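Have a look at the structure below, then the notes.
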């Protein structure tokens, strides 16, 4: 029997998610046992280089994978209900109404032959059949104003090519939010924009999150982008999570060699006069995954165990976890020293 004191299920739980793509050369294991939790109103940043599986994990939640892609194992729970078992119709309702997504290139996401207003009102009426065209037009205007587009009435009559990159991305955000979803997934939302506009878009997303109370998953290769807006950061490599924690954990106490490599390879105030150090080697071949740690072939600190066994996720402190054999070794030495 349920009681008022019973703990509510998290908004979103990804549990041991595996996603693969069938190709002529074999099975590409893009996501290999990813798990994370997103609470209502919180922000989760997923970071990693191209091919790390970060975008595929997000597409798996929305079930918008290419035709050769499929979830092979695991669960995606929305308010405790496994949406991987949803029918096509249920997923249509889930997308937009409960979870929306914005993509990195708004020019390819918006239809060039329809006006901005036409595309926003279509999104509104798709999820609410009872809304009249007049009501949809008014809602579209309100949404453009909400995302900071001036002269909203005039913009609704314009085509995507008539707007700047920053404005097109704001239109995409407006379309994603028309049904007031609980979750917004942003896949590289600022990559195609210049630095000044990037800052404006990130500030807009944080502002809208406060106003609307939605949860955000932001997927990016740029640690600087997620530092300012994520309650938790997940670092991915080779389809696996190698480290997770708060921004302070990740930036000031990185405990996985891949995370350390990412931080060494980006410019900051502390290394302006130093030569940036790239991560050595080539990205992992997902067709031929190693037995052990996915990063071991590129890691200067790799040990024999790294080649043969996948490292367990070790808790560093209350908010910080990392999957690296070095942490396991150091913990063992600490325990032996205290014994």
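In the working numbering, the protein residues as written are 559 to 897. Note that CB positions come from ideal geometry on N, CA and C, so glycine has one too. Model, not experiment: these values are computed from the prediction.
> Just reading off the beta strand (DSSP E) that residue 745 is part of, what are its end residues?
Replying inline: What you label residue 745 is simply residue 187 of the chain shown in a count that begins at 1. Element bounds for residue 745: 741 to 745.
>> With the cut-off set at 7 angstroms, would you say residue 664 and residue 620 are in Cβ contact?
In response: Within the chain shown, numbered from 1, the residue matching residue 664 stands at position 106. Within the chain shown, numbered from 1, the residue matching residue 620 stands at position 62. Not a contact, by the Cβ cut-off of 7 angstroms.
> Apart from the five residues just before and just after residue 900, which ones in its own chain have a Cβ nearer than 6 angstroms to its Cβ?
Replying inline: The question about residue 900 has no answer here: the residues shown for the chain are numbered 559 through 897.
> Apart from the five residues just before and just after residue 600, which ones in its own chain have a Cβ nearer than 6 angstroms to its Cβ?
Replying inline: On the chain shown, residue 600 is found 42 positions in, with the first residue counted as 1. The residues are 773 and 789.
>> So for residue 600, helix, strand or coil by DSSP?
In response: Residue 600 sits at position 42 when you count from the first residue of the chain shown. Correct three-state label for residue 600: coil.
>> Classify residue 566: buried if its beta carbon has 16 or more other beta carbons within 10 angstroms, exposed otherwise.
In response: Here residue 566 corresponds to residue number 8 of the chain shown, with the count starting at 1. It is exposed - the Cβ of residue 566 has fewer than 16 other Cβ atoms within 10 Å.
> Rounded C-beta distance between residue 869 and residue 851? I'm assuming under 8 angstroms.
Replying inline: Indexing the chain shown from 1 puts residue 869 at position 311. Indexing the chain shown from 1 puts residue 851 at position 293. Yes, they are in contact, since the Cβ atoms of residue 869 and residue 851 sit about 6 angstroms apart, within 8 angstroms.
> Alpha carbon to alpha carbon, how far is residue 641 from residue 633?
Replying inline: Along the chain shown, one-based indexing puts residue 641 at 83. Along the chain shown, one-based indexing puts residue 633 at 75. When rounded, the distance between both Cα atoms is 8 angstroms.
> Can you tell me whether DSSP reads residue 786 as helix, strand or coil?
Replying inline: As a position in the chain shown, residue 786 is number 228, starting the count at 1. In the structure shown, residue 786 sits in coil (DSSP, three-state: anything other than H, G, I, E or B).
>> By the three-class DSSP mapping on this structure, what secondary structure does residue 643 have?
In response: The residue labelled residue 643 in the question sits at position 85 within the chain shown. Looking at residue 643 - three-state DSSP - the assignment turns out to be helix.
> What do you get for residue 617, buried or exposed, if any count of 16 or more other CB atoms within 10 angstroms of its CB means buried?
Replying inline: The count along the chain shown starts at 1 and reaches residue 617 at position 59. So residue 617 counts as buried.
> What are the boundary residues of the beta strand (DSSP E) that includes residue 732?
Replying inline: Indexing the chain shown from 1 puts residue 732 at position 174. Taken as a continuous stretch (DSSP letters only), residue 732 belongs to no beta strand (DSSP E), being part of the alpha helix (DSSP H) at 723 to 735.
> Are residue 510 and residue 815 closer than 7 angstroms when you measure CB to CB?
Replying inline: Since the first residue shown for the chain is 559 and the last is 897, residue 510 is missing from the structure and cannot be characterised.
>> If the criterion is Cβ atoms closer than 7 angstroms, does the pair residue 577 and residue 589 meet it?
In response: In the chain shown, counting from the first residue as 1, residue 577 sits at position 19. In the chain shown, counting from the first residue as 1, residue 589 sits at position 31. Yes. Within cutoff.
> Taking the C-alpha atoms as reference points, what is the distance between residue 561 and residue 597?
Replying inline: Stepping through the chain shown from its first residue, residue 561 is reached at position 3. Stepping through the chain shown from its first residue, residue 597 is reached at position 39. With a pLDDT of 49 at residue 561, under the threshold of 50, the modelled position of this residue cannot be trusted; read the value that follows with caution. Rounded to whole angstroms, residue 561 to residue 597 spans 21 angstroms at the Cα level.
> Alpha carbon to alpha carbon, how far is residue 735 from residue 681?
Replying inline: One-based indexing of the chain shown puts residue 735 at position 177. One-based indexing of the chain shown puts residue 681 at position 123. Going from the Cα of residue 735 to the Cα of residue 681 covers about 10 angstroms.
>> Assuming residue 579 is part of the beta strand (DSSP E), what are its boundary residues?
In response: Position 21 of the chain shown, counting from 1, holds the residue named residue 579. Where residue 579 is concerned, the enclosing beta strand (DSSP E) stretches over 570 to 581.
> Buried or exposed: which applies to residue 807, given that a residue is buried once 16 or more other Cβ atoms fall within 10 Å of its Cβ?
Replying inline: The count along the chain shown starts at 1 and reaches residue 807 at position 249. When all chains shown are included, residue 807 counts as buried.
> What does residue 880 pair with, by DSSP beta-bridge criteria?
Replying inline: Working through the chain shown from its first residue, we reach residue 880 at position 322. Note: residue 880 sits in a beta bridge opposite 801 and 872.
> Straight-line CA distance for residue 631 to residue 575?
Replying inline: For the purposes of this step, residue 631 is identified with residue 73 of the chain shown, where counting begins at 1. For the purposes of this step, residue 575 is identified with residue 17 of the chain shown, where counting begins at 1. When rounded, the distance between both Cα atoms is 6 angstroms.
>> Less than 7 angstroms between the beta carbons of residue 612 and residue 603, yes or no?
In response: Locating residue 612 in the chain shown gives position 54, where the first residue counts as 1. Locating residue 603 in the chain shown gives position 45, where the first residue counts as 1. It is not a contact, given that the beta carbons lie outside the stated cut-off.
> Looking at the structure shown, is residue 672 part of a helix, part of a strand, or coil, going by DSSP?
Replying inline: What you label residue 672 is simply residue 114 of the chain shown in a count that begins at 1. Residue 672 falls in the coil class under three-state DSSP.
> Under three-state DSSP, which class holds residue 559?
Replying inline: On the chain shown, position 1 is the one that residue 559 refers to. Confidence is the limiting factor: at residue 559 the pLDDT is only 45, short of 50, which leaves the residue's position unreliable and the question unanswerable from this model.
> If you follow the alpha helix (DSSP H) that residue 864 is part of, which residue opens it and which one closes it?
Replying inline: The residue labelled residue 864 in the question sits at position 306 within the chain shown. First-last of the alpha helix (DSSP H) with residue 864: 862 to 866.
>> Under DSSP, the alpha helix (DSSP H) around residue 767 begins and ends at which residues?
In response: Here residue 767 is taken as the residue at index 209 of the chain shown, counted from 1. Run containing residue 767: 753 to 770, per the alpha helix (DSSP H) assignment.
> Under the three-state reduction of DSSP, which class applies to residue 628: helix, strand or coil?
Replying inline: Reading the chain shown from its first residue, position 70 is the one you call residue 628. Strand, per DSSP.
> Cβ of residue 741 within 7 angstroms of Cβ of residue 657?
Replying inline: Counting from 1 along the chain shown, the entry for residue 741 is found at position 183. Counting from 1 along the chain shown, the entry for residue 657 is found at position 99. It is a contact, given that the beta carbons lie within the stated cut-off.
> Whose C-beta lies closer than 7 angstroms to the C-beta of residue 677 among residues of the same chain, with five residues either side of it excluded?
Replying inline: For the purposes of this step, residue 677 is taken as the residue at position 119 of the chain shown. Once the five neighbours on either side are set aside, the close Cβ partners of residue 677 are 668, 669 and 733.
> Buried or exposed: residue 745, going by 16 or more other Cβ atoms within 10 Å of its Cβ?
Replying inline: As a position in the chain shown, residue 745 is number 187, starting the count at 1. Looking at its Cβ environment, which holds 16 or more other Cβ atoms inside 10 Å, residue 745 is buried.
> Among residues of its own chain, excluding the 5 on either side of residue 823, which ones have a beta-carbon nearer than 7 angstroms to its beta-carbon?
Replying inline: The count along the chain shown starts at 1 and reaches residue 823 at position 265. Here the set comprises 834, 835, 836 and 837.
> Cα separation between residue 581 and residue 608?
Replying inline: As a first step, residue 581 is located in the chain shown; it is residue number 23 there, counting from the start. As a first step, residue 608 is located in the chain shown; it is residue number 50 there, counting from the start. About 18 angstroms.
> Taking only runs of the alpha helix (DSSP H) that begin and end inside the region 683 to 709, which ones reach a length of at least 4 residues, in chain order?
Replying inline: 691 to 704
>> Pull the bridge partners of residue 795 from the DSSP assignment, please.
In response: Numbered from its first residue, the chain shown carries residue 795 at position 237. 798, per the DSSP bridge assignment.
> Taking just the CA atoms, how far does residue 759 sit from residue 796?
Replying inline: Here residue 796 corresponds to residue number 238 of the chain shown, with the count starting at 1. Here residue 759 corresponds to residue number 201 of the chain shown, with the count starting at 1. In a straight line, the C-alpha of residue 796 is about 29 angstroms away from that of residue 759.
>> Can you look up residue 890 in the DSSP assignment and give me helix, strand or coil?
In response: Position 332 of the chain shown, counted from the first residue, corresponds to residue 890. Residue 890 falls in the helix class under three-state DSSP.
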